[in-house]
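Q:
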Amino acid sequence: MPPDESKAASRPASAPAPGALLLCRAAPDAVAPLAPLLRERMLLTRAGEWSVLVPEGAPWLRGGEPVDRVLTGWAAALAVGSAWPVLALWWDADRAGCVLASGFRRPVGCAWLADGTPAGQSEAMHAFAARLGLDPVLDGQLLDRLTARDPAADARARLRGLIAVLTHAGVELPEGFAPGEPGDRLREVAGAGADVRHVGGVGCIRGVAVAGGMPRAHRLALAEVAVGVPVAAWGVRRRSAGWAAVGMVLMAHGGLELSYETVFPRD
3 MPPDESKAAS RPASAPAPGA LLLCRAAPDA VAPLAPLLRE RMLLTRAGEW
53 SVLVPEGAPW LRGGEPVDRV LTGWAAALAV GSAWPVLALW WDADRAGCVL
103 ASGFRRPVGC AWLADGTPAG QSEAMHAFAA RLGLDPVLDG QLLDRLTARD
153 PAADARARLR GLIAVLTHAG VELPEGFAPG EPGDRLREVA GAGADVRHVG
203 GVGCIRGVAV AGGMPRAHRL ALAEVAVGVP VAAWGVRRRS AGWAAVGMVL
253 MAHGGLELSY ETVFPRD
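Per the working numbering, the sequence shown starts with residue 3, numbered consecutively.
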């Protein structure tokens, strides 16, 4: 039996399927050029003053990595290549959580067990408020409640409570769109929007789209190299093997794309 099927067979039929989404504090036009960095096809649509990315697939099932680790990597990759913060929300049968990435700062996050019991760092919510420009008193109190024990709130209710606070920062999810829902439901709601677009994926990186006389693939490759150099240097200075590896991967992939364009130029 293939690994994915064996995992599915061992999971109870009633267990909620893992799911995830990414919230970017930028308009879809700003998010779309960076989405191919994730190497995964996504649905992109507006979420108030933010944008939301919904994975079309489930890479955490294919690659064997837990959904929280995949989403942390995605959020960090988008954040280091942009000037806006990225909030990742994820959930599976046992837990749910969130990770906020912004620039070269260390991502911060928290998690809850399925019954809503906090299982992360409570100070993460203070970092959320500071980095997103929320009211440190009023919004801070609401965020603190999400890390306090509450027998009436399960993990997914905690995520919905977080979204409610983030409306003060301009987040407005599409109608009928709620964290914790099955992935196919999220894709259905996101895909029904008038301004939805499909972004990312390996095929999109080599897609033909010319702006300002330069193919989109070429511009993306240059961006990967430009982002990869400072990320790798920052990782070396901080003695962070993870960040150094991210920078090296970005530089290697960008360089490979540039080499491809040189050997096989477009007409």
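Using N, Cα and C, we set each Cβ at its ideal position, and we do this for glycine too.
Under the three-state reduction of DSSP, which class applies to L145: helix, strand or coil?
A: Helix at L145.
Q: CB P54 to CB C100, shorter than 9 Å?
A: It is worth fixing the name first, because residue 54 is Val in this sequence and not Pro. Not in contact: V54 and C100 (Cβ atoms no closer than 9 Å).
Q: So, is P138 buried or exposed, given that buried needs 16 or more other C-beta atoms within 10 angstroms?
A: P138 comes out exposed.
Q: Roughly how many angstroms lie between the CA atoms of R187 and R43, to the nearest whole one?
A: If you take the alpha carbons of R187 and R43, they lie about 16 Å apart.
Q: Could you name each continuous beta strand (DSSP E) segment of 3 residues or more that falls completely within the region 85 to 156, going from the start of the chain to the end?
A: The qualifying runs are 88 to 93, 97 to 103 and 110 to 115.
Q: Quick one: is D94 buried, meaning 16 or more other Cβ sit within 10 Å of its Cβ, or exposed?
A: Label assigned to D94: buried.
Q: State the DSSP-derived secondary structure class of G202, mapped to helix, strand or coil.
A: Three-state DSSP puts G202 in coil, outside helix and strand.
Q: So A121 packs on A103, CB below 8 Å; how close in whole Å?
A: 20 Å between Cβ atoms; not a contact.
Q: With distance defined between alpha-carbon atoms, name the residue in L39, L134, F179 and P20 nearest to L89.
A: Looking at the Cα atoms, L134 is the closest of the given residues.
Q: Taking the straight line between their C-alpha atoms, what separation do you get for P288 and E177?
A: This structure gives no information on residue 288, because the portion of the chain shown stretches from 3 to 269.
Q: Three-state secondary structure (DSSP) at R48?
A: If DSSP states are grouped into helix, strand and coil, R48 belongs with the strands.
Q: Between L39, L164, H200 and D156, which lies nearest to L145 when the distance is taken from Cα to Cα?
A: Cα-wise, what sits closest to L145 is L164.
Q: Tell me G21's beta-bridge partners as DSSP assigns them.
A: The partner list for G21 (beta bridge, DSSP) reads W93.
Q: Does the separation of the CB atoms of A192 and F179 fall below 9 Å?
A: Contact flag set, yes.
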